[in-house]
Structure formats: C-alpha cells, structure tokens
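K.L.:
Number of protein chains: 2
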Amino acid sequence: MPPSASSTAFADLVNDNFLRACRRQATEHTPLWLMRQAGRYLSEYRATRAKAGSFMGLATNPEFATEVTLQPLERFPLDAAILFSDILTVPDAMGLGLSFAEGEGPRFAHPLRDEAAVAKLAVPDLDKLRYVFDAVTSIRKALNGRVPLIGFSGSPWTLACYMVEGAGSDDYRLVKTMLYARPDLMHRILAINADAVAAYLNAQIAAGAQAVMVFDSWGGVLADGAFQDFSLAYTRRVLERLDRSVPAIVFTKGGGPWLEAIADSGADVVGLDWTVNLAAARRRVANRVALQGNLDPMVLFGGEAAVRAEARRVLDDFGAGPGHVFNLGHGIHQHTPPEAVAALVDEVHSHSRRQRTAR
Amino acid sequence: MPPSASSTAFADLVNDNFLRACRRQATEHTPLWLMRQAGRYLSEYRATRAKAGSFMGLATNPEFATEVTLQPLERFPLDAAILFSDILTVPDAMGLGLSFAEGEGPRFAHPLRDEAAVAKLAVPDLDKLRYVFDAVTSIRKALNGRVPLIGFSGSPWTLACYMVEGAGSDDYRLVKTMLYARPDLMHRILAINADAVAAYLNAQIAAGAQAVMVFDSWGGVLADGAFQDFSLAYTRRVLERLDRSVPAIVFTKGGGPWLEAIADSGADVVGLDWTVNLAAARRRVANRVALQGNLDPMVLFGGEAAVRAEARRVLDDFGAGPGHVFNLGHGIHQHTPPEAVAALVDEVHSHSRRQRTAR
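In order, the protein sequences belong to chains D and C.
Numbered per the working numbering, the first sequence finishes at 359, counting up by one with no gaps.
Numbered per the working numbering, the second sequence finishes at 718, counting up by one with no gaps.
1. Who are the Cβ neighbours of His388 of chain C in its own chain at under 7 Å, not counting the five residues just before and after it?
2. Throw me the rounded Cβ distance for the Val250 of chain D and Val285 of chain D pair, which I believe falls under 8 Å.
3. For the segment 687-712 of chain C, list every residue whose C-beta sits within 8 Å of some C-beta in chain D, in sequence order.
4. Which stretch, first to last residue, makes up the alpha helix (DSSP H) that contains Gln563 of chain C?
5. How many Å lie between Ser43 of chain D and Tyr559 of chain C at the Cα?
6. Using a Cβ-Cβ distance under 9 Å, would Gly256 of chain D count as near chain C?
7. With H, G and I counted as helix, E and B as strand and the rest as coil, what does DSSP make of Gly256 of chain D?
8. Starting from Arg434 of chain C, trace the alpha helix (DSSP H) in both directions and tell me its first and last residue.
9. What is the DSSP secondary structure of Val673 of chain C, reduced to helix, strand or coil?
10. For Ser7 of chain D, I'd like the list of residues in its chain whose CB is within less than 6 Å of its CB, leaving aside the five on either flank, ordered along the chain.
11. Can you list, in chain order, the residues of its chain with a C-beta nearer than 8 Å to that of Gly168 of chain D? Leave out the 5 residues immediately preceding and following it.
12. How many Å lie between Phe423 of chain C and Val491 of chain C at the Cα?
13. Run down chain D in chain order and give the residues with a C-beta less than 9 Å from the C-beta of Phe685 of chain C.
14. In its own chain, which residues sit with a C-beta less than 7 Å from the C-beta of Asp451 of chain C, not counting the 5 before and 5 after it?
15. Using the three-state DSSP reduction, which class does His708 of chain C fall into: helix, strand or coil?
16. Just list the alpha helix (DSSP H) runs in the segment 363-397 of chain C, keeping only unbroken ones of 4 residues or longer that don't cross its boundaries, in chain order.
17. With DSSP as the reference, label Gly271 of chain D as helix, strand or coil.
18. Say whether the segment 297-313 of chain D touches the segment 252-263 of chain D, bearing in mind that this needs 3 or more beta-carbon pairs closer than 8 Å, one atom from each stretch.
19. Provide the residue span of the beta strand (DSSP E) that contains Leu295 of chain D, from first to last.
20. If you measure beta-carbon to beta-carbon, which residues of the segment 31-58 of chain D are closer than 9 Å to chain C?
21. Is there a Cβ of chain C sitting closer than 9 Å to that of Pro2 of chain D, yes or no?
22. In chain D, what lies closer than 8 Å to Gly662 of chain C by C-beta?
23. Straight-line CA distance for Ala565 of chain C to Phe152 of chain D?
24. Would you grab the beta carbon distance between Asn294 of chain D and Leu34 of chain D for me? Rounded to a whole angstrom, and I think it's under 8 Å.
25. Under a CB-based cut-off of 9 Å, is Thr357 of chain D close to chain C?
26. Using a Cβ-Cβ cutoff of less than 6 Å, which residues in the same chain neighbour Trp218 of chain D once the five nearest sequence positions on both sides are dropped?
27. Exposed or buried, Leu344 of chain D, counting other C-beta atoms within 10 Å across all chains shown (16 or more means buried)?
28. Assuming the contact rule is C-beta atoms closer than 8 Å, Ala366 of chain D and Phe84 of chain D should be a hit. Round their C-beta distance to whole Å, please.
29. Helix or strand or just coil, what does DSSP make of Arg113 of chain D?
30. Classify Ser624 of chain C as buried or exposed, calling it buried when 16 or more other Cβ atoms lie within 10 Å of its own Cβ.
31. Among the residues of its own chain, which have a CB less than 7 Å from the CB of Asn420 of chain C, if the five just before and after it don't count?
32. Please confirm if Ser366 of chain C has its CB atom under 9 Å from at least one CB of chain D.
33. Quick one: any contact between the segment 498-505 of chain C and the segment 530-547 of chain C, if contact means 3 or more CB pairs under 8 Å?
34. Where does His330 of chain D land, buried or exposed, given buried means 16+ other C-beta within 10 angstroms?
35. Have a look at the DSSP bridge pairing and note the partners of Ala248 of chain D.
36. Suppose you measure from the CA of Thr695 of chain C to the CA of Asp316 of chain D; what does that come to, to the nearest Å?
This is the structure we're talking about:
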C-alpha cells in the first residue's frame, strides 16, 4: 500500500496560485503549467533519459522521476509540477506487459482481444505501482513547497483504448468494434479500470499529490452517445471514489461538444483543447468549474511575437475573473524551442497581471 | 477548358431525394450516400484498381473512374454517386508532383517550404485537370439519371496542409509553423487555393456535377480563431465564386465547435462528424442549412444489430422534418464488411419511411 504521507510532513506552499485557480479563487496572476513540461524538448531531460537507459527505466526510478519533474521548474517560473510518469502504468500493473520500443509508441504484449482475456482482468495490487507513489513523495519533498504537485492517470476509456488495441491507433477499430459488438465486455473493462484508476489516484494523493488530473486523451474519438456511456460515465465513477480534499482536473481531448456534461461530472477543473473558444466555454459551464487551457502547442514554433500574441488571445478570451489555469491544449512537442516556453511563461504572467490591474 | 455539358444532354433524374434534402425539401425517405463509398472495401473496386495499376492510374482514366464510381450503386440502393477522384489533384496540377507509394499516403515531390516556392504558386491551367471533368461527364452519362452526381474538392486549408507538409501529418507542425510565423505566406497560398478550387468546382458543375462538396478534412486541427481566419474565410471565398445552381456541401471534420459560423458560410448543407449530436446541431443552425451525417464508420464493424440500432439513433436524433442527408461522419474504412453497408442502407431507408408515416 502507498506510504503514508500526511501533509504535516511537507513544507508549506510558497506559490499556491495554481490551487487557488482550481478552486476559482482570486490569484495574483493566471497560473500556468504545460502538459509534458518535463520532456524531450529539454536537453537536461534527454541527458537524464540517457542515464536511465529507457523510458520505463526513467519512470520506475523515483530518483530519476524526481530529477526530470523538477527540471522545467529550474528553467521557467511555472506554477505547478506534474508527476513524471506514464498513463499506461495501471494496465501494466494489470499484467498486460507494457514496453516502449525506441522511436515507437507504447505497446502491450497481452492486449485484451477476447472474452477470456477480459474475464481475467482485475484491479491490480497497488503494491506493483509503489514506484509511482514513492516518486510522488520524493518529488513533493524535493519541491519543498515551491509549487503544488499534480498527480495523474489515464481515464478508464483511454486506458481501454490502449488495452484493446495493444498500441496507439489512428482509427480505434478494435476497441470500437468491441464497444459496438460486445458492449458487455467493454463495460466490464471500464468498470475495472475506473476502480483501479480511483485507487491509484487516491494512493497518489496519500503519497503527497496536491491535485489530480484524469487524461481522457481519446474520449474525443467517440461518437456522441458513446462518449457519455463509455467514457464520461466511468470518469464520473472515478471522481465519485476520489479523495476530494484535493482538486480534480478532467481533460478530454476533443471533448468540446460535451463540455456541459463534463463540467457536471464532478470535476473541479475542465481541461480544454485549442479548438474551444474560452469565452464561449466559460458561458457554457457558468460558474460550475474552473477551466484549464488552451494554447495550440504549435504556436510555440511561430516565433516570440506569435507566442506572445496568441497567449494574450487565450487570456483575453477567458477574460477577467478567477478560475483559469493556463496550459497548452495538448502536450508540448518534442521539438519545441525552450526559449518559446520562456516567452510564453513571461507573457502569461505579465499580461494576466496587467489584466488584474486594468479591472 | 472543361467540356460544355448542358443539362439537356443528360437524362432526367429518377431519384432526386438527395438533391431535395440538400434544399431542405420533403423526401420520401432520408437519402444516404457514404464518403468513399467507391473504395477498397469492395472486391470489384480492388479488381479495377489492379487493372489500372495504380491509384492515380485509376483516378486519371475517365473509363476506370466511371466504373468504380458506379460499383457501389450496383450493390446498394444509395441515393447519390460521388466522383471518384482525389482531393490532391489541384495541387498536383499546380506542379507539386503528387505520388502515391504503395501502402502509404500521398506525397508531394515539391512541397511549399519557403517564400520562393510560395511566390511561384499560381492557379493552375484547368486543362491539366481535364481528366477530372471528362470523368464527371462520363459518370453522369453512365448514371443515366439514376441518382445525382456529386463533384468535390479539398478545401483551401486542407490542400495547404498537404502542400506545406508534403504528406500526411499527425501534428501539422510545418504548416502551423508557417501559419503562425509567416501568416502572409499562408494567406497567399490560401487565396490561390480558393480561386483554384472555385474554378475547379465550377468546371465540374459545367461538366455535369449536380452538387459539389468541399472537404475541409483538416479544418478541425486549427485553434479557435485560426480556423475562422485560415480555413473558413477561404471556404467562404470558394462558395462566393461558385455556380450556385447546384447545392454546395461543406464538411469540416472536427468542425463542431464552429457549426454556426460554418452554417453562415454560404453552404447549403453542412457535413458533420460523429461527435456532434444532430438534435443539438439542428437547434444551432436553425433552418439555415441542411445537415449531412454522421454515423461513426466504426459502427459498421459492430454487427448487424448494432448497425441498425445506431442508424436509428442518428435518424431519431435528427428527428422529423426535411433537410437531412444520411452519411458516415468520415470515409468508410477499407476493412468494412459490405453486408454491414447493405444493412445500413436498408435501415436508413426503412426507418426514415416509418418516421414519415408516424408523423
């Protein structure tokens, strides 16, 4: 079971803007962090990754995971840290046999392709994921109260996509075939995933995570109707089982069509991709949730003037008032120039401070 | 220039349900056709493709193009035919050097990567596309009035994606880098593309096309704001220049967030992908346009009961009243079992007739 890590064991928070924004409380500037902020676009990450030998070597070693989690904070005054890990740790602990071939995406040795495989699936022993909880505690200590630490998991549906496909997919044919042909099997996988994800996130919270995020990276590939029944219903099941002493963020890439329903799922914060206008989104969710997002990561390739102009556009679209966490609409690209991130962080902080003065 | 083909040269239409639905007029059943209905899921297509030797060998030969366009109509009582061609014929005629390597997607030998390449770009001589207009006339004659013939083109933005990337992409980094770093170059490409697409579609109409469709397949990858400025503005420019004696359909995959704006572009019909609920979409567009869509193509892998149930769900979501063209939310998948298509066509026709009786 996860190590017990009562909050008294950790330093007080110095910068709590992120947590305040998640709770829709006033902040001195709009806080920001970037999905995949610890990653290949940083040379120091690539150096640690080389030491670790492999991606999983990095993710399963709490010392390395701590090192890379803190790297972007050394470069940029970001307002939150996020656990360095992978969304597929949970199905790996279920026995599906995760591997990362060099230059390719993740792959499972034992994907769920038939009724027998689904029948054997069970919530994993959390002890198999102790390396994650150890990393959370180690990072939280290393942060020493500088900024809050976000824990995370894939959503039940997103995990199921990988578990059935066995790898990434561009059409989701296998998992959708199961969904439409054998909804009973799909519901069984999703119920087990939901219970596993809830236990996994609660253990991260117990280990020191100060917020948690559910990545529904592939919710947006589902049809209207199927999204509600096969993705959102199980995200909701996760949220119902969570320790709600910390804020919960739900990010559905391509989830714009269902924004109102996602805002009603029990999340404190809804993450948005870059196709959604923040002013319109804010009207749609009223005051139910905070919003996180939503700059197109490709803006960071457009040069400093474009980065600053597009960052202001996102901030101005959200407008005045609390409840905005600035982020990209998807993970940062591996070829992003780090100086573009520096300009982005500076513009978000300075422009959002000006917004507060102008009010 | 395109062959002149006045409507008097062709047989009268027997089944005009598709055209009537595009105009929001009453129909005896909800008409349907399927994006990529002539394609690899049909063994007879694969046989013709083998005779032609290559994809472009097929697309550039009006006799073969006619043969494959009519093949799905021999199997299924579909309500429209669509020209067999490719969206990249226009940039090919611009001199970018299109090729299709076996088992891969399209590729351009001379992508637009710098200012000099963009400066040289021009609206192509339509005579280079005569094979397309010849195919339109040949197909229209072969149809002999059975169902209407739809012509099509890629949208200015979607063509630009391929023209800059040089091939398919999963992050659109090159084209978005140009968009954000050199919007002047991007606007020049898009203006030329818009004029070329308008001339191309008008020539298809002159050759016998009874409706035209603009495929904005990659509009949905753009950020809010960028979509309006770099995709929709140029689709609108195409529509403004079109011969409007035939209905124009605009399909933006992932365009749900901007449905109202797309409905105001001048299109008669707006195509929708499967993430959009048709009842909600209908409320959003009021009575401005007809709607086309939007079954997830993967439903066709779920077995006959699922196909029929999901087809009914789409029809019931749209509800009573005119202005619905049933389609998939994207092209049919190459591994689709043809018997699933037979069940789909039967269910759409029979259930929509029952809807009309129940009213």
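Cβ coordinates follow ideal geometry from the N, Cα and C atoms, glycine included.
P.N.:
Result, derived from the coordinates:
1. As a working note, residue 388 of chain C is residue 29 in the second sequence. If you ignore the 5 residues before and after His388 of chain C, its C-beta comes within less than 7 Å of the C-beta of Asn376, His708, Ser711, Arg712, all in its own chain and listed in chain order.
2. Counting from 1 along the first sequence, the entry for residue 250 of chain D is found at position 250. Counting from 1 along the first sequence, the entry for residue 285 of chain D is found at position 285. Going by Cβ atoms, the distance from Val250 of chain D to Val285 of chain D rounds to 12 Å, so no, they are not a contact pair.
3. Gly688, His692, His694
4. Locating residue 563 of chain C in the second sequence gives position 204, counting from the first residue. From DSSP, the alpha helix (DSSP H) with Gln563 of chain C extends over 542-566.
5. As a first step, residue 43 of chain D is located in the first sequence; it is residue number 43 there, counting from the start. As a first step, residue 559 of chain C is located in the second sequence; it is residue number 200 there, counting from the start. Cα-Cα distance, rounded: 48 Å.
6. Taking the first sequence and counting its residues from 1, the one referred to as residue 256 of chain D is at position 256. Chain C, which has a Cβ nearer than 9 Å to the Cβ of Gly256 of chain D, makes this yes.
7. Position 256 of the first sequence holds residue 256 of chain D. Gly256 of chain D falls in the helix class under three-state DSSP.
8. By 1-based counting over the second sequence, the position of residue 434 of chain C is 75. Secondary structure note for Arg434 of chain C: its alpha helix (DSSP H) is the uninterrupted segment 421-434.
9. Translated into positions along the second sequence, residue 673 of chain C becomes position 314. Val673 of chain C falls in the helix class under three-state DSSP.
10. Taking the first residue of the first sequence as 1, we reach residue 7 of chain D at position 7. Note that Ser7 of chain D scores a pLDDT of 48, beneath 50, so its modelled location is shaky and nothing firm can be said.
11. To locate residue 168 of chain D, count along the first sequence from 1; it is residue 168. Only Gly105, Pro106, Tyr162 meet the Cβ criterion.
12. Numbered from 1 along the second sequence, position 64 holds the residue referred to as residue 423 of chain C. Numbered from 1 along the second sequence, position 132 holds the residue referred to as residue 491 of chain C. One C-alpha to the other measures close to 12 Å.
13. Counted from its first residue, the second sequence places residue 685 of chain C at position 326. None at all; the shortest Cβ gap to chain D is about 14 Å.
14. By one-based count along the second sequence, residue 451 of chain C stands at place 92. Taken in chain order, the residues that qualify are Leu457.
15. Numbered from 1 along the second sequence, position 349 holds the residue referred to as residue 708 of chain C. It is helical.
16. 376-381
17. Numbered from its first residue, the first sequence carries residue 271 of chain D at position 271. If DSSP states are grouped into helix, strand and coil, Gly271 of chain D belongs with the strands.
18. no
19. As a first step, residue 295 of chain D must be located in the first sequence, where it is residue number 295. Taken as a continuous stretch (DSSP letters only), the beta strand (DSSP E) holding Leu295 of chain D covers 290-295.
20. none
21. Reading the first sequence from its first residue, position 2 is the one you call residue 2 of chain D. Here Pro2 of chain D scores only 48 on pLDDT, less than 50, and its place in the model should not be relied on; the value that follows carries that caveat. Taking CB atoms only, Pro2 of chain D has no neighbour in chain C less than 9 Å away.
22. Here residue 662 of chain C refers to the residue found at position 303 of the second sequence. Residues of chain D passing the Cβ test: Tyr180, Ala181.
23. Taking the second sequence and counting its residues from 1, one reaches residue 565 of chain C at position 206. Taking the first sequence and counting its residues from 1, one reaches residue 152 of chain D at position 152. Whole-angstrom Cα-Cα distance: 57 Å.
24. The count along the first sequence starts at 1 and reaches residue 294 of chain D at position 294. The count along the first sequence starts at 1 and reaches residue 34 of chain D at position 34. About 12 Å separates the two Cβ atoms, so there is no contact after all.
25. Along the first sequence, read from residue 1 onward, the residue named residue 357 of chain D stands at position 357. Thr357 of chain D does not count as touching chain C.
26. Taking the first residue of the first sequence as position 1, residue 218 of chain D is located at position 218. So the qualifying residues of the chain are Thr158, Cys161.
27. Counting from one through the first sequence, the residue named residue 344 of chain D turns up at place 344. So Leu344 of chain D counts as buried.
28. No information on residue 366 of chain D is available, as it lies outside the stretch 1 to 359 that chain D covers here.
29. On the first sequence, residue 113 of chain D is found 113 positions in, with the first residue counted as 1. Reduced to three states, the DSSP call for Arg113 of chain D is coil.
30. As a working mapping, residue 624 of chain C is identified with position 265 in the second sequence. Ser624 of chain C comes out buried.
31. Sequence index remark: in the second sequence, residue 420 of chain C carries index 61 (1-based). Excluding positions up to five away in sequence, the list reads Ala411.
32. Within the second sequence, residue 366 of chain C is the residue found at index 7, counting from 1. Annotation note: pLDDT 48 at Ser366 of chain C (below 50); position unreliable, coordinate value reported separately. The beta carbon of Ser366 of chain C does not come within 9 Å of any beta carbon belonging to chain D, so the residue lies off that interface.
33. no
34. Taking the first residue of the first sequence as 1, we reach residue 330 of chain D at position 330. Label assigned to His330 of chain D: buried.
35. The residue you call residue 248 of chain D lines up with position 248 of the first sequence. Note: Ala248 of chain D sits in a beta bridge opposite D:Val212.
36. Along the second sequence, read from residue 1 onward, the residue named residue 695 of chain C stands at position 336. Along the first sequence, read from residue 1 onward, the residue named residue 316 of chain D stands at position 316. Approximately 46 Å between the Cα atoms of the pair.
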